[in-house]
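Residue numbering for the sequence shown follows this note's numbering, starting at 434 and increasing by one per position.
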Amino acid sequence: MADPTGKVVAITGAARGIGLATATAFQAAGAKVVIGDIDEPAAKRAGETMNGPALPVDVTDRESFTAFLDGAEAELGPIDVLVNNAGIMPIGPLLEEDDALADRCIDINVRGVILGTKLGLARMVPRGHGHIVNIASVAGVMPAAGMATYNASKHAVVGFTEAVRLEFARQGIEVSAVLPTFTNTELIAGTKSARGQRNAEPEEVAAAVIGLVTKPRPQVVVPAKLGRQLRIGPLMSRGMRERMARWYGLDEIFLKHDKEARKAYDERMRG
Numbered sequence: 434m435a436d437p438t439g440k441v442v443a444i445t446g447a448a449r450g451i452g453l454a455t456a457t458a459f460q461a462a463g464a465k466v467v468i469g470d471i472d473e474p475a476a477k478r479a480g481e482t483m484n485g486p487a488l489p490v491d492v493t494d495r496e497s498f499t500a501f502l503d504g505a506e507a508e509l510g511p512i513d514v515l516v517n518n519a520g521i522m523p524i525g526p527l528l529e530e531d532d533a534l535a536d537r538c539i540d541i542n543v544r545g546v547i548l549g550t551k552l553g554l555a556r557m558v559p560r561g562h563g564h565i566v567n568i569a570s571v572a573g574v575m576p577a578a579g580m581a582t583y584n585a586s587k588h589a590v591v592g593f594t595e596a597v598r599l600e601f602a603r604q605g606i607e608v609s610a611v612l613p614t615f616t617n618t619e620l621i622a623g624t625k626s627a628r629g630q631r632n633a634e635p636e637e638v639a640a641a642v643i644g645l646v647t648k649p650r651p652q653v654v655v656p657a658k659l660g661r662q663l664r665i666g667p668l669m670s671r672g673m674r675e676r677m678a679r680w681y682g683l684d685e686i687f688l689k690h691d692k693e694a695r696k697a698y699d700e701r702m703r704g
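Following this line, the structure appears as structure tokens:
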């Protein structure tokens with residue numbers, strides 16, 4: 434068991450959504466938190482709200498990410514927990530997805546997590562302790578039509594996290610993945626919930642991250658009951674899984690979204 438009190442926590446993509454909820458939860462638990470985000474004005478606003486440090490970070494750029502971690506440690510001391518949360522979620526028909534957006538999704542969601550994990554480990558391993566938490570998604574294990582590139586990116590995060598966990602388990606380092614269901618943030622703007630399922634709230638995901646740090650585990654699904662369903666899935670035939678996907682609406686809900694409601698997020702996502 435690890436008490437978050439006094440721990441130094443750095444979080445990427447923390448100016449809003451899951452990242453901000455996680456920063457707020459850690460602060461409430463007694464941790465010292467540094468907010469990082471590529472949107473510097475939004476990061477500063479979040480930092481002012483929390484009365485804590487907020488720094489710019491482009492997770493796809495080694496120099497920028499290193500400067501963020503250096504700045505975090507200069508402000509608060511050695512980092513105990515790094516939460517790789519920054520991510521984007523393009524949706525829609527695959528043949529309408531432009532290559533630049535696909536590249537951006539992989540750069541942020543996959544390469545950003547890989548880079549952050551490397552940079553975090555380089556600081557934690559010599560100290561003999563630390564925890565890397567990578568925010569993946571249920572989409573990493575449950576595909577849906579209309580989000581193939583996002584599915585691929587989160588599938589990569591799940592596999593990467595497990596491999597790194599095995600590699601560093603004997604060096605005092607914890608490495609965990611959080612797999613939230615679709616969560617009520619701007620990432621799902623203009624979409625409907627899967628049939629029979631409710632979206633999670635950012636605070637639920639934040640609580641799961643706190644729980645992982647308090648009691649380290651390799652992986653957690655949010656909500657927990659969905660994790661039980663996901664464990665049953667591989668035991669089913671492909672035909673059964675595809676029928677279930679259709680019943681949930683995963684064959685169409687990300688193809689028939691409200692483009693106007695999603696316009697603001699799409700523009701920001703493209704940088």
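A virtual CB, placed ideally from N, CA and C, is assigned to each residue, including glycine.
DSSP state of residue i mapped onto helix, strand, coil
i: V466; result: strand
i: S497; result: helix
i: T550; result: helix
i: I444; result: strand
i: N484; result: coil
i: N518; result: coil
i: P511; result: coil
i: P489; result: strand
i: R472; result: According to the sequence provided, residue 472 is Asp. The question's Arg does not apply to it. Correct three-state label for D472: coil.
i: R703; result: coil
i: R478; result: helix
i: G452; result: helix
i: D503; result: helix
i: T457; result: helix
i: T438; result: coil
Residue i versus the options, residue with shortest Cα-Cα distance
i: A610; options: R703, N484, N567; result: N567
i: A627; options: E607, P526, T455, A578; result: A578
i: H690; options: E481, T624, P613; result: T624
i: G469; options: G463, A461, A462, M483; result: M483
i: V467; options: L502, I451, D491; result: L502
i: S570; options: K465, K692, A641; result: A641
i: I547; options: N584, L509, A500, E595; result: E595
i: L527; options: K648, V608, A585; result: A585
i: L554; options: V597, E700, L612; result: V597
i: R603; options: R679, G660, M557, L620; result: M557
i: E473; options: G666, G660, V490, K465; result: V490
i: L552; options: V653, K477, E496; result: E496
i: Y698; options: G682, E675, L620, A657; result: L620
Expected contact under 8 Å - CB spacing of residue i and residue j to nearest Å
i: G605; j: H564; result: So it is not a contact: roughly 10 Å between Cβ atoms.
i: N517; j: I451; result: Going by Cβ atoms, the distance from N517 to I451 rounds to 12 Å, so no, they are not a contact pair.
i: V622; j: A694; result: The sequence given here has Ala at residue 622, not Val. That pair is a contact at about 6 Å.
i: M580; j: A572; result: 6 Å
i: T493; j: R544; result: 6 Å
i: A462; j: I643; result: 6 Å
i: L607; j: P649; result: At residue 607 the sequence reads Glu, which differs from the Leu that was named. Contact flag correct, Cβ pair sits at about 4 Å.
i: L688; j: M575; result: That pair is no contact at about 16 Å.
i: A479; j: L453; result: 6 Å
**Asked** Which runs of the alpha helix (DSSP H), 4 residues or longer, sit entirely within the region 591-651?
**Response** 635-647
**Request:** Counting only runs of 3+ residues fully inside the region 520-579, write out the beta strand (DSSP E) ranges in chain order.
**Result:** 563-568
**Item:** Stretch pair the region 514-525 + the region 533-541: three plus CB contacts closer than 8 Å
**Value:** yes
**Request:** Report yes or no: do three or more beta-carbon pairs, one from the region 503-521 and one from the region 436-447, lie closer than 8 Å?
**Result:** The region 503-521, when compared against the region 436-447, does touch it at the 8 Å Cβ threshold.
**Message:** Does the structure place the region 612-620 close enough to the region 633-645 that three or more beta carbon pairs sit under 8 Å?
**Reply:** Touching, yes, given that three or more Cβ pairs across the two stretches are closer than 8 Å.
**Asked** Is it a yes or a no for the region 670-683 touching the region 473-488, going by three-plus beta-carbon pairs under 8 Å?
**Response** no
**Prompt:** Between the region 528-535 and the region 452-465, do three or more beta carbon pairs fall short of 8 Å?
**Reply:** Output reads no: the region 452-465 does not touch the region 528-535.
**Asked** Which whole runs of the beta strand (DSSP E) in the region 646-698 are 3 residues long or more, in chain order?
**Response** 652-655
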